[in-house]
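Here the protein sequences line up with chains P and R, keeping their order.
In this text, residue positions in the first sequence follow my numbering: the first is 13, and each later residue adds one.
In this text, residue positions in the second sequence follow my numbering: the first is 339, and each later residue adds one.
Idealized CB from N, CA, C, for every residue including glycine.
First up is the structure itself, then whatever we jot down about it.
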Amino acid sequence: MTSVSDPISEIEDSAVRELGGVGDSSQLEAWRHAYLGRKGKLTLVLRGLADLPLEERRSLGAEANRIKLRLEAAYEDQLARLEQDRLAKVTEGERLDVTLPGSPLPRGGLHPITQTLRDVLKAFENLGFQVVEGPEIEWDHYNFEALRIPADHPARDMWDTLWIDHERDGKRSMLLRTHTSPNQIRIMERTQPPIRVVVPGKCYRFEATDPTHEWMMTQVEGLAIDDGISMADLKGTLAEFARRIFGEERRVAFRCDYFPFVEPGMELRIDCFICRGEGCRTCGRTGWIEILGAGMVHPEIIANAGYDPDRYTGFAFGLGVERIALLRHGVDDIRHFYANDLRFLQQF
Amino acid sequence: MRIPLRWLADYVDIKLPIEELARRLTTAGVEVGEIISSAGEWDGVSVAEVVEVEKHPNADRLTLVTVHLGNDRFERVVCGAPNVAVGQKVAFAPEGTRLIDGHTGEPTVLRRAKIRGVESAGMILSEKELRISDSHEGILMLPENAPVGEPLASVLGETVFDLDLTPNRPDLLSVLGVAREVGALSGSKVRDPSVVYEATGERIKGRVQVDVLDRDLCPRYVAALIEDLKMDESPLWMQQRLIAAGMRPINNVVDITNYVMLETGQPLHAFDYARLKERRIVVRRARPGERLNLLDGTERELSPEMLVIADAEDAVGVAGVIGGAESEVTEETRAVLLESANFSATSIRRTRQALKVETDASRRFEKGLSVHLPLIASQRAVKLMVEVCGGRAAQGLIDVTAIKPKDIRVTLTQERLERVLGVELPSGEVRRVLEGLGFGCRWVPPDRFIVRVPYWRTDVSIADDVVEEVARIVGYDELPTTQLRGEIPAVQRQPIRELRERVRQALAVSGLREVITYSLTDLPTLQKVLPPEELATTPPLRVANPMSREFEYARTTLRGSILQTLTKHIRVSGGRLISVFETGRVYLRNDNDLPHEVETVCAALCGRKPDRWGQPTGGPAGFFEAKAHLEHLLADLRVAAEYREAVEHPYLPGRTAKVAIDGRRVGLLGELHPSVAASFEIKQDVAMFEVDLEAVMPHVPEIVHYKPISPYPLVKEDLAVIVDEDTPAGRVISVIEDSNLVHSVSIFDVYTGQPIPKRKKSLAFSISFQSGDRTLTDEDVAEERKRIVARLGRELGATLRA
Chain P
13 MTSVSDPISE IEDSAVRELG GVGDSSQLEA WRHAYLGRKG KLTLVLRGLA DLPLEERRSL
73 GAEANRIKLR LEAAYEDQLA RLEQDRLAKV TEGERLDVTL PGSPLPRGGL HPITQTLRDV
133 LKAFENLGFQ VVEGPEIEWD HYNFEALRIP ADHPARDMWD TLWIDHERDG KRSMLLRTHT
193 SPNQIRIMER TQPPIRVVVP GKCYRFEATD PTHEWMMTQV EGLAIDDGIS MADLKGTLAE
253 FARRIFGEER RVAFRCDYFP FVEPGMELRI DCFICRGEGC RTCGRTGWIE ILGAGMVHPE
313 IIANAGYDPD RYTGFAFGLG VERIALLRHG VDDIRHFYAN DLRFLQQF
Chain R
339 MRIPLRWLAD YVDIKLPIEE LARRLTTAGV EVGEIISSAG EWDGVSVAEV VEVEKHPNAD
399 RLTLVTVHLG NDRFERVVCG APNVAVGQKV AFAPEGTRLI DGHTGEPTVL RRAKIRGVES
459 AGMILSEKEL RISDSHEGIL MLPENAPVGE PLASVLGETV FDLDLTPNRP DLLSVLGVAR
519 EVGALSGSKV RDPSVVYEAT GERIKGRVQV DVLDRDLCPR YVAALIEDLK MDESPLWMQQ
579 RLIAAGMRPI NNVVDITNYV MLETGQPLHA FDYARLKERR IVVRRARPGE RLNLLDGTER
639 ELSPEMLVIA DAEDAVGVAG VIGGAESEVT EETRAVLLES ANFSATSIRR TRQALKVETD
699 ASRRFEKGLS VHLPLIASQR AVKLMVEVCG GRAAQGLIDV TAIKPKDIRV TLTQERLERV
759 LGVELPSGEV RRVLEGLGFG CRWVPPDRFI VRVPYWRTDV SIADDVVEEV ARIVGYDELP
819 TTQLRGEIPA VQRQPIRELR ERVRQALAVS GLREVITYSL TDLPTLQKVL PPEELATTPP
879 LRVANPMSRE FEYARTTLRG SILQTLTKHI RVSGGRLISV FETGRVYLRN DNDLPHEVET
939 VCAALCGRKP DRWGQPTGGP AGFFEAKAHL EHLLADLRVA AEYREAVEHP YLPGRTAKVA
999 IDGRRVGLLG ELHPSVAASF EIKQDVAMFE VDLEAVMPHV PEIVHYKPIS PYPLVKEDLA
1059 VIVDEDTPAG RVISVIEDSN LVHSVSIFDV YTGQPIPKRK KSLAFSISFQ SGDRTLTDED
1119 VAEERKRIVA RLGRELGATL RA
């Protein structure tokens, strides 16, 4: 009868001896393979146990398992030591100058008007408004007529218009929209109250440019119509918007203003954050900065939409995104936005 | 509108501090754009008399003017004004005076200077330099009786509100109208100016005949006659007020018409009675081709759309816009026919637009004046002509009225007031506010007001107009503030907008910088970047009244704008890689309907790739750098695109790909043709891509559907094949991919040259095999690989690389 105790203690001895000579991780892996791998020496012994009588299986099994645990622990120790040696080498000999720049990655970015517009829309979306859009090239009907600005109305002078070379019934009728307000009519044509939308988009005016005027601009139109909407709600909505965009401490004030499609009409102003209301160049020495125009939707427009003007009321507002971006970023000339100077755009 | 406060105080007590008054007016909708206090600004400026005018020796258009400053002090200045003459009283500013520069509008300090070789000791000032008006045509002429040497401030000093008015309030184009606002805001009573005079002349009837032939365009015409008047300068107080309000004094009769217009808002016109043929006024449309010399010195041809004032024979004025020169009052005038009329706002507006003549009269008429006003203004002007010009007023007036002026009454319920404002206001307060503004207001229990609108408020006709009156006087800030309640409407999806915003985000993240350029462009730019056929089949929409040639057409492509941006960026980039994109609409003509506005994205890259240090030392960015961004974008949108070689202007043949999804073209990718780049003054290589977002949209999955991760192992194998040089790698890949067992394939080498035969290339792929239902055996993989190789051989003539 042959005893299996000899080979197993020999396996242990040789394994421990060989492990002492292991110098790097590939040698360590080879060692693990030779003893603990699927076809390793110790594994074979353990697998052979099944063929032994119960008595031997028990004593040899216990011994083999003890050796297995020992070798595994030794392996882990050796692995940790090798890793420590490697790191020591790196930290000593291969130290990095951490002040060097990172590898170059291209840095893209959104236009400042896109950024401001997104913030504006998000503020209104959080107040329950949905974003919709409309055409930039419009009919006179939507841009003026349906908004109670008929041909020859003196209020037309409030919007100098770029007309498309196109005539209908001998009259110019197609234009580059001068404001986003035509969407009030377009939305009312296709929806029933309750309505709560904001409409962003480009608008165009026949206008000479200067530091505060640009002929292409981005507006956001707002419209809310329902049974029971009042001017108090308009004031609350706009005040909340101003706080979200310009900060909690901002004071807002409303004044009467005129737009043919609202009644009563108003303008929202915030206290100048440059001079804190003292009066400076930014606010034209008034202490207040005009932010947007608004008002209660004119009852005639409500009625023209087929809604009951005694039941439904609503408000509309229109704001200029460039103006808000100017104020937020302290930009001194509106023409920077569409001049697309790289040195300007890269700052945002 | 400029409102001198001392004048304003004639009609209403100003109880509030000036700043506070301005604030309250502004809040109530009467915006005080500027408070001009001339007294403080005119330090050093004094009244001087012109005693000598000589020609400048070195300049035709300049004169040397000697002025007397009082106490025998004289100074000589160089003057460029055409209207300077001996005997005039002028405003003189010595060196060191702070002024507004007449040309730039900027504040400046006057310095002693040599002008064309002659020293000038100071300056004779224009109205603009004194901020009295925007007129810089000539110098300011002071009243003849202005005392020489006196500070200008003591002669003309005033505090003036410069109002920025809205077009709905023509009543505020008058000092009296503003006084009514002040009264309502401060609780003061308004004093109307007196219209009582003694008519000592004969009866007007039979001595003046007025025929209004077009009553639609002239609802009311009031004529008065003043005889035996003495033409002269108007009194100092009147001239001072006119100047402070920004008007130039002319003579007593004209000054009175202007004064009463500024006072009441009603434009008036004075005809020389003796020069009206048959003493008749005929209000009619102009005859075709009828010509008239206007007061502004021009001769104009009129058309039958225009209303004229004529005598028995000829037109003597364009109604409500401008008078004619023939019937102008002059020094010889002894009798004046005074016109105070109401004209159709639309007609006046069209006429002044056609004639391109805007006057103080047309500005008021086109906003719609009250038909009550002509009578009141006429009486007021006659009174002043009697008192100031010593005239005899004829008894009675001629008053031709087409419509009986009647009061407008509006019913306002408490319910409506509360519904609109969101607050209930006590009926007493509502009455107080409305009566303060001159409205009549009767409370009819239990719930409504009957409101009578005063004649001057042509802008008020419905209940909500009255609501605004109440709200603006109470003060919007005094009204409550609430948040929206009620149901939030159902969501309407805006897929194209959502897609555009995702595209923006993806491109910015991949390293492109967004630009926004103008939507209008010029034809040459479009011609440079579009194939001629495309431009011919879809001609761009033209702007009928472009601001400049540069912005005449609605763009049908973003290419031109992106390249123009690139040109600008290259100048400042120092050779570094520029990567930009724009998302925007292009406008495609659509017969007689509105154009089709297509959301598009266009991107361009130009410059050298960066090295480890970010320095532009690498090769120029080209096709594949642009493609990387496009692939990143499309992967982000979860769409798979095919790329096919294409030839299309303005791209470089051989380096251009058509981008398609499911066989449908969605865009282009490629390098820009160098000749096109050169036309934008770009010498470097440019790589671009553009995508039609509407074409992409249907292919973008709304939601990503999860595929189970296979629990079975991946088997990786490399495969190298030799194909014809012009076989696209994409075709090889699609054959390999077309297998149930291929999980993914990627290309890792393209090689030509030894030992590969001529006109052939070697392509090397790394293929991952995997099955969703079992562990693949070596045999499974070998078999599938053999099948793929066979198919590549059959379909593409590919051979295995040894």
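Could you tell me if residue i is buried or exposed, where buried requires 16 or more neighbouring beta carbons within 10 angstroms of its beta carbon?
i: residue 580 of chain R; result: buried
i: residue 32 of chain P; result: exposed
i: residue 1095 of chain R; result: exposed
i: residue 1141 of chain R; result: What is shown of chain R runs 339 to 1140, which leaves residue 1141 of chain R out entirely.
i: residue 110 of chain P; result: exposed
i: residue 445 of chain R; result: exposed
i: residue 630 of chain R; result: buried
i: residue 208 of chain P; result: buried
i: residue 1138 of chain R; result: exposed
i: residue 962 of chain R; result: exposed
i: residue 593 of chain R; result: buried
i: residue 910 of chain R; result: exposed
i: residue 597 of chain R; result: buried
i: residue 603 of chain R; result: buried
i: residue 590 of chain R; result: buried
i: residue 398 of chain R; result: exposed
i: residue 852 of chain R; result: buried
i: residue 466 of chain R; result: buried
i: residue 1009 of chain R; result: buried
i: residue 1113 of chain R; result: exposed
i: residue 22 of chain P; result: exposed
According to DSSP, is residue i helix, strand or coil?
i: residue 848 of chain R; result: coil
i: residue 737 of chain R; result: strand
i: residue 727 of chain R; result: helix
i: residue 588 of chain R; result: coil
i: residue 79 of chain P; result: helix
i: residue 1000 of chain R; result: coil
i: residue 958 of chain R; result: strand
i: residue 452 of chain R; result: strand
Among residues of its own chain, excluding the 5 on either side of residue i, which ones have a beta-carbon nearer than 7 Å to its beta-carbon?
i: residue 934 of chain R; result: 926, 928
i: residue 356 of chain P; result: 348
Could you check where the beta strand (DSSP E) with residue i kicks off and where it finishes?
i: residue 228 of chain P; result: 228-239
i: residue 644 of chain R; result: Looking at the DSSP string, residue 644 of chain R is not in any beta strand (DSSP E), and its letter there is neither H nor E.
i: residue 133 of chain P; result: Unbroken run through residue 133 of chain P is the alpha helix (DSSP H), 124-138; no beta strand (DSSP E).
i: residue 151 of chain P; result: 149-151
i: residue 749 of chain R; result: 746-751
i: residue 386 of chain R; result: 384-393
Take residue i and list the residues in its own chain whose beta-carbon comes closer than 8 Å to its own, dropping the five residues that flank it on each side.
i: residue 129 of chain P; result: 212, 230, 232, 333
Taking residue i as part of the alpha helix (DSSP H), name the residues at either end of that continuous run.
i: residue 1133 of chain R; result: 1116-1134
i: residue 342 of chain R; result: Premise fails: residue 342 of chain R lies in the beta strand (DSSP E), 340-342, not in any alpha helix (DSSP H).
i: residue 870 of chain R; result: 870-875
Can you list, in chain order, the residues of its chain whose CB lies under 6 Å from that of residue i, leaving out five sequence neighbours each side?
i: residue 529 of chain R; result: 349
i: residue 869 of chain R; result: 987
- Item | Segments of 4+ residues assigned as alpha helix (DSSP H) that fall wholly inside the segment 897-940 of chain R | 897-911
- Task: Only counting runs of 4 or more residues, tell me where the alpha helix (DSSP H) segments fall wholly within the segment 485-535 of chain R, in order along the chain.
- Result: 490-494, 513-524
- Query: Taking a cut of 8 Å between CB atoms, which residues from the segment 248-276 of chain P lie near chain C?
  - Reply: The question asks about chain C, but that chain is absent: this structure's protein chains are P and R.
- Item | Completely contained alpha helix (DSSP H) runs for the segment 1044-1112 of chain R, where each covers 4 or more residues | 1067-1075
- In chain order, which alpha helix (DSSP H) runs of at least 4 residues are fully inside the segment 295-326 of chain P? 311-316
- Task: Please list the segments of the beta strand (DSSP E) lying wholly inside the segment 645-715 of chain R, counting only runs of 3 or more residues, in order along the chain.
- Result: 645-648, 653-656, 674-680
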